[in-house]
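Residue numbers (this note's numbering), protein chains in the order written: chain A, 1 to 486; chain B, 1001 to 1546.
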């Protein structure tokens, strides 16, 4: 049959575009069966983390070498933006694997599923950042989210982990429904012709006047769906509980990878797709951005648990990054968001590495646990100080530079009020980040013994703090590089 | 003056030395207290000695920025690594290296724990402060401006008094919030510049050139932009009502921290006014001036009145800073050469005399671990040298002719009078109150009966005399022979007044004016280049006083 043949040819012909995804699916599946039962007899299960990291690095190589093209009936596109965000997601995966192996290796349960789920969810992200059609985007989003729901509830003997998983799942399913409803409304507004972002954008701009409400509610619902995924106020309610309940390595993963992927999709949908109807979403998105910055930072002030504090602060950081999505200059906006997200990856990975190390294998994550770290472990404390000051945006750390770049864009685009809010709330942020620094340096340590740092944790901490410390000095190279790939 | 090639980058070296020194200190073991102290001190002294040639190299005949070093840093957004100094920067730069060495020296006995960290932070602090004065690029300026907070935060929060955490975070957040507003202002001008000229350029010179373009914008825009910068600098100065962090920070900080804070950090704010506010916003300043001046004058009087009722010596000196810096702001807002010259002098004088007073408080605090005025009395009987130094610094602070304080205050009043006589009238009350609280403090601490508990207090030792001596010498030197400093400041200030208040020179020929003044035997604040040929210092002062 010619149709079947055409379908087959297009699938095979376009497969290089998704080679990294296919590779992840293959290795992930093999990992679950038969390798798990077969290999487990022959090797200690500690090897899994190493294998996962190798798989991810190979995937990264595939990503870099993928051809730049559009395929699968215009549903998936590989370009600099796709690759840039895919690399962030993979990097987050590598960091998570390195950070979490100690805790997960100590579990009695099988851990192969944990690593396989990370691989699967990353495959979803890789698809999500390249999706150029609302349907493929939704599919990828669900693939990513489903894996993460399970990861959050992975410690099934622990009540709060399960609770977090269920909570995330229920709210996530709800938001997916809203997103899907929004997509269908937009589909209707175009007269049922297309869901491809580019064509959809043109079609809804030309839609007849009586469809205005349809377009508006459709865009708004898609916006809500994405705002939920990136945990922006007022759709952030799940995030502190989930962050706190999830196993800490998963929390680290959650705060980096899905955010990057969802932001990339956000950029594609609102930058490329809904650009033509921007009057429909500029105001709501500005509100969401401002609310995220204000509420995220204020709520973080009162937190006792460092995980909750980082959860609220990540809400605020998303608020900052939404400034880049608001930018009408899509390319500059993408660059700024990508750069911020990359910096954020290093800050967050480093901070979580320290948290996980302090926590050991048990639970214990109060900010007070940092007391006297400066005396107990000067180098680790110094690194943590770098992460905190960088998150607070204090120069000369890279966190300042990426903020500067983002805010510069926002001012150029005319969002002065939002930028002022962003900057003033970043002053609030300085308070709670400095609180951690104060605990480390100005309080007397308690007698708790610190375990030895594993090679993985120390590598992550060293790499992240080194990048943040010297990053600003290499501004020209960074800017040139960002300009080239995105 | 010929420039030796190696010297061309001297300011850069002077700035880098403390940072390199701090890195060096990292390798000294924690327990070697003596080595750490001497190491830090020799780095600070080396830095000061290195900065002395700058004074002689500086070309006094021009207002141009000198020792310019410029490299592209991040060309895509117009950020350059560009440094250089004019006379205004140079004076404060020298003050920083001078006070920096004293701050290290005075800590030898005061700091009894975590020495290594302490000296590293002090040196890093010095690096960032020098950086603020030499940079010629807004990005770089903002960078140094903000980095500076981190060492200060640590200095107060580790080695401070009982409320140290509160004071440190308050200082940090206050200054940071001002800083981010300034960042918005910088970005707004940066963007406006792109709209009008089509290039992204963050150099300070290009920002000065934007004055015209800013003046063409709407009134609201100008006011908001001006306020963004004003608040940033007003917090740092600090001006009323943004001053509340200052007493907390000063009272809690260790002596060295207070010395740096009073001596240099507060000058960042006034420097910001001189360098940015005045030249960038000449158009909108007159509109906002009544508001600024009201705050300034409230600051002068309020600071003095509050200082008067303080029971804590350190707090008293801290509030006196609010008052003194109010005087300084008054001079700047007069927008004429005399006022600005006086303000510059006031900055230097405040750096010398208030730092000295904090050291004075530090001496008794080290010996008794209390600072309440009521705990002391009659100290002059057992501590004669201390009493003498205290007297000199008090006199310098209240502006006795012959000491440094007088020169600044006189010039400020002169400038203020030229601009608007009643400002000078109100400001004078600040000076009178200043004399009152300082002398009253002196009287209560130094005279009267002495308690048994205070009797064994030892007089200054050699090291303490060592670090007071340069301050006392500087106080006399500036008081008796201000013209060398005036010569350095002369051209940059004329240039500044041309930028901010061109009307001042309208219809008057500068040279003719000077000739006229010379004919009348008034050398006044114009400080002709041949002024220091004159050997008769007493005459100098007399003329300065008109």
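Glycine included, C-beta positions come from ideal geometry on N, C-alpha and C.
- Residues of the same chain with a CB within less than 6 angstroms of the CB of residue 75 of chain A, apart from the 5 flanking positions on each side, are 133, 136 in chain order.
- For residue 1082 of chain B, the enclosing beta strand (DSSP E) begins and ends at 1079 to 1085.
- By the C-beta density criterion, residue 1473 of chain B is exposed, having fewer than 16 other C-beta atoms within 10 angstroms.
- The beta carbon of residue 396 of chain A sits closer than 8 angstroms to some beta carbon of chain B.
- Residues of the region 1169 to 1186 of chain B with a Cβ closer than 8 angstroms to any Cβ of chain A, in chain order: 1169, 1172, 1173, 1176, 1177, 1180, 1181, 1183, 1184.
- In chain order, 145, 149 place their CB closer than 7 angstroms to the CB of residue 172 of chain A, counting only its own chain and leaving out the 5 sequence neighbours on each side.
- For residue 224 of chain A, the enclosing alpha helix (DSSP H) begins and ends at 212 to 229.
- The C-beta of residue 1076 of chain B comes closer than 8 angstroms to at least one C-beta of chain A.
- About 5 angstroms separates the CB atoms of residue 1434 of chain B and residue 1398 of chain B; that is less than 8 angstroms, so the two are in contact.
- At least one beta carbon of chain A lies nearer than 8 angstroms to the beta carbon of residue 1147 of chain B.
- For the beta strand (DSSP E) assignment, the region 1450 to 1480 of chain B encloses no uninterrupted run of at least 3 residues.
- The Cβ-Cβ distance between residue 1329 of chain B and residue 1394 of chain B does not fall below 8 angstroms.
- In this structure, residue 306 of chain A lies away from residue 394 of chain A, with their beta-carbon atoms at least 8 angstroms apart.
- Of the residues B/1462, B/1427, B/1374, the one whose Cα lies closest to the Cα of residue 1450 of chain B is B/1374.
- The residue among A/406, A/358, A/384, A/484 with its C-alpha nearest the C-alpha of residue 452 of chain A is A/358.
- With its beta carbon less than 8 angstroms from one in chain A, residue 1157 of chain B belongs to the interface.
- From the listed residues A/93, A/127, A/106, the smallest Cα separation to residue 118 of chain A is found for A/93.
- Per DSSP, residue 262 of chain A lies in no beta strand (DSSP E); the unbroken alpha helix (DSSP H) holding it starts and ends at 248 to 266.
- Within chain A, the residues whose beta carbon sits less than 8 angstroms from that of residue 1073 of chain B are 475, 476, listed in sequence order.
- At least 8 angstroms separates the CB of residue 1026 of chain B from every CB of chain A.
- Contact between residue 340 of chain A and residue 321 of chain A holds: CB atoms are separated by about 5 angstroms, below the 8 angstroms threshold.
- Listed by position along chain B, the residues whose Cβ is nearer than 8 angstroms to that of residue 423 of chain A are 1180, 1181, 1183, 1184.
- With contact defined as three or more Cβ pairs closer than 8 angstroms, the region 1254 to 1261 of chain B and the region 1065 to 1075 of chain B are not in contact.
- In this structure the region 1208 to 1228 of chain B touches the region 1180 to 1191 of chain B; the number of beta carbon pairs closer than 8 angstroms is three or more.
- One thing to note: residue 95 of chain A has its Cβ within 8 angstroms of the Cβ of residue 460 of chain A.
- At a cut-off of 8 angstroms between beta carbons, residue 1022 of chain B makes no contact with chain A.
- Taking CB atoms only, residue 10 of chain A has no neighbour in chain B less than 8 angstroms away.
- Of all C-beta pairs linking the region 290 to 301 of chain A to the region 377 to 385 of chain A, fewer than three are shorter than 8 angstroms, placing the two stretches out of contact.
- Against chain A, the beta carbon of residue 1191 of chain B has neighbours under 7 angstroms at 411, 412, listed in chain order.
- When the beta-carbon positions are compared, residue 1200 of chain B and residue 1077 of chain B come within less than 8 angstroms of each other.
- Shown here, residue 1284 of chain B sits in coil according to DSSP, grouped into three states, outside any helix or strand.
- In this structure, residue 56 of chain A places its C-beta atom within 8 angstroms of the C-beta atom of residue 90 of chain A.
- Under the criterion of beta carbons closer than 8 angstroms, residue 1418 of chain B and residue 1338 of chain B qualify as touching, at roughly 6 angstroms.
- Taking residue 1106 of chain B as the centre and dropping the five residues before and after it, the same chain places the C-beta of 1255, 1256, 1259, 1359, 1362, 1467 closer than 7 angstroms to its C-beta, in chain order.
- For secondary structure counted as the alpha helix (DSSP H) over 4 or more consecutive residues, the region 15 to 46 of chain A holds these complete runs in sequence order: 19 to 30, 36 to 40.
- In this structure, the alpha-carbon of residue 1464 of chain B lies about 31 angstroms from that of residue 1488 of chain B.
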